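Below is one structure; the comments refer to it alone.
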DNA sequence: TATTGTTATACTCTATAACTATA
DNA sequence: TATAGTTATAGAGTATAACAATA
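Protein chains in written order, with the working numbering: chain F, 1427 to 1589; chain G, 1427 to 1589.
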């Protein structure tokens, strides 16, 4: 317990486990306050379309790690809610191109504001050093987690897939 | 942007936003590797029962922020999967008492190991200072977030409810 | 024929409302 | 009657498999 003989990642992971759950609970609480209320998959789909306007259904399904028919159904509901536009592809008429609507752009803006508010409410009560440590630690975590060239990457590419 | 005139929580929150999403993706990936595969709600239910063995259905529903009938259905499936025992209450025969099974205890152990492994794989590639910062920042975040006596708590009690 | 999407069907998760059993 | 739980019904989310349309 006192010496460092090898990788001690798992020990730190244990120390961080519960705290990470708390951060995630705060982070995700913003979604539930969105109006209109968004489910997790719906939000994920909007974020994918936002990052890749004009993406087709297969691309969306791949990003969301779901099969084509599931993505099709999800889009049915997003279109019905006015959050996504489904336009026929101009080059290949088999494809459809997906776009955000003004309504969903506003929704995402509001969601991000809310998320920063709820996180910020906690941050405001932390010490400056604690805030700085969290920002530094999370940013390095992200950089390392996104580094696909690193050894020991899980075969599935967990991180890239989920974002 | 250079001076600090008031609460800067929101600015830090913006800086942390994406990184939190990455942490979430890594943290939750453990669940999907569980055998038998567990859905999010099923895992949440097991964790509640683990923390409060013998809890009744209303208590479970309250912890999960769902209504009674949803908890009843969820338990149907957990009992069918052999992950929960449903025993009639001895004092009041209207109630039922919920318990983990040996099978679900083993499953939770494995899940926690997996989660610590996937987090540990990232931690092992971070700098020691980065790891320390993350541990420190997250722990302070958790302490502050769980402090219900603080002002500015969202009315819903987001954090306690979700854990 | 190969590829893009949709539809039929089924199971999980959740909610509302009606119902049963016990206190 | 009040409370604990179940069941009927419905909609979202997801998967498999069968289908339609376009290349």
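Cβ coordinates follow ideal geometry from the N, Cα and C atoms, glycine included.
Computed from a predicted model, the values in this text were never measured in an experiment.
For residue i, is the classification buried or exposed, using 16 other Cβ atoms within 10 angstroms of its Cβ as the cut-off for buried?
i	result
residue 1470(F)	buried
residue 1493(G)	exposed
residue 1430(F)	Only weak support exists for where residue 1430(F) lies, its pLDDT of 41 falling under 50; the value from the coordinates is given anyway. By the 10 Å Cβ count, residue 1430(F) comes out exposed.
residue 1455(F)	buried
residue 1445(F)	buried
residue 1570(G)	buried
residue 1588(F)	With a pLDDT of 40 at residue 1588(F), under the threshold of 50, the modelled position of that residue is not reliable, and the figure given next carries that caveat. Classification of residue 1588(F): buried, given that the 10 Å Cβ count is 16 or more.
residue 1550(F)	buried
residue 1465(G)	exposed
residue 1542(G)	buried
Compare the C-beta of residue i against all C-beta atoms of chain G and say whether one is closer than 8 Å.
i	result
residue 1446(F)	yes
residue 1492(F)	no
residue 1553(F)	yes
residue 1565(F)	yes
residue 1475(F)	no
residue 1580(F)	In this prediction, residue 1580(F) has a pLDDT of 43, which is less than 50 and means its spatial position is unreliable; what the coordinates show is noted afterwards. For residue 1580(F), the answer is yes, since a Cβ of chain G falls inside 8 Å of its Cβ.
residue 1541(F)	yes
Under 8 Å, Cβ to Cβ, is there at least one residue of chain F near residue i?
i	result
residue 1568(G)	yes
residue 1478(G)	no
residue 1457(G)	no
residue 1442(G)	yes
residue 1560(G)	yes
residue 1545(G)	yes
residue 1557(G)	yes
At 7 Å on the CB atoms, spell out the chain G contacts of residue i, in chain order.
i	result
residue 1571(F)	1448, 1452 and 1548
residue 1508(F)	Result: empty, since nearest Cβ-Cβ is about 25 Å, beyond 7 Å.
Which partner residues does residue i have in the DSSP bridge list?
i	result
residue 1511(F)	1525(F)
What does residue i reach in chain G if we use C-beta pairs closer than 9 Å?
i	result
residue 1482(F)	Per Cβ cutoff of 9 Å: no residues; residue 1482(F) is ~24 Å from chain G at best.
residue 1461(F)	The premise fails here: residue 1461(F) is roughly 15 Å from chain G at the closest Cβ pair, so nothing lies under 9 Å.
If residue i sits next to residue j, beta carbons under 8 Å apart, how far is it from one beta carbon to the other, in whole angstroms?
i	j	result
residue 1453(F)	residue 1533(G)	The pair is not a contact, with the Cβ atoms about 26 Å apart (cut-off 8 Å).
residue 1564(G)	residue 1442(F)	5 Å
residue 1526(G)	residue 1510(G)	7 Å
residue 1559(F)	residue 1557(G)	Their Cβ separation, rounded to whole angstroms, is 11 Å, which puts residue 1559(F) and residue 1557(G) out of contact at 8 Å.
Indicate, with yes or no, if the ligand NAP has a heavy atom lying under 7 Å from the CB of residue i.
i	result
residue 1495(F)	Ligands in the displayed structure: none, and consequently the ligand NAP is not present.
Can you name the residues of chain F whose CB is closer than 9 Å to the CB of residue i?
i	result
residue 1524(G)	Simply none; closest approach about 21 Å.
residue 1488(G)	In chain order: nothing, as chain F lies at least about 16 Å away.
residue 1471(G)	Residues of chain F passing the Cβ test: none, with the nearest at roughly 15 Å.
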